[in-house]
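Residues -23 to -1, 1 to 132 in mature numbering (1 follows the signal peptide of the UniProt record, and there is no 0) are what the sequence shown lists, from first letter to last.
For every residue, glycine included, the Cβ atom is placed at its ideal position computed from N, Cα and C.
Take a look at the structure below.
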Amino acid sequence: MYRMILTAGLCLIIASLARTTSASCISTSTNGCPAGFCTGRTDGNYINAANPNSFYQCSNQLTYSTPCPASGLVYRAPCDCCDYPNNPCPATKTTSPTTTPYDPYCQNKQDGYYCYTNDYSKYYWCVGGRTYIMPCPQGTIFTPKVNNCVRPENA
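Take a look at the structure:
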């Protein structure tokens, strides 16, 4: 009886410790992200100096390591977008992701990229049930065939 109570107590302690720790790094790809990167930062996108083909997205103090949606694209901070390295950035920042907290599109969907309704120059990015509307790089469209933004002739 004593051994069973001791075992049950130990399980409760371990379970409570597991619930009180929280992840500060959620990786949506295999390249990982630095622990605590987004602590104290405002929500938004940040350069991944170790891998220009991806970027860090901070959301509610959590760090998401996110690959650019197509091969050959790099994250460019001046326009806050993934684009081809030689494309000029637009004069104004028009490519920020938009979160629509009351948009139910991503509810009950797996994390990932989805077609944006009636506008192939954008796509939905679903993360943890939240909906982000992301623009494709200039001159590209989102295609569900490869789940990426590509030039129209390759769609």
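- At a Cβ-Cβ threshold of 8 Å, N25 and S42 count as neighbours.
- DSSP, read as helix, strand or coil, puts C83 in helix.
- Less than 8 Å divides the Cβ of Y100 from the Cβ of C113.
- By alpha-carbon distance to V51, the top candidate from A12, T40, P29 is P29.
- Shown here for R18: same chain residues with a beta carbon closer than 6 Å to its own, the five before and five after excluded, namely C35 in chain order.
- With respect to the 8 Å criterion, G116 and R107 are not classified as neighbours on the basis of their beta carbons.
- If the five residues before and after C92 are omitted, its C-beta is found closer than 7 Å to the C-beta atoms of Y100, F119, P121, all from its own chain and listed in chain order.
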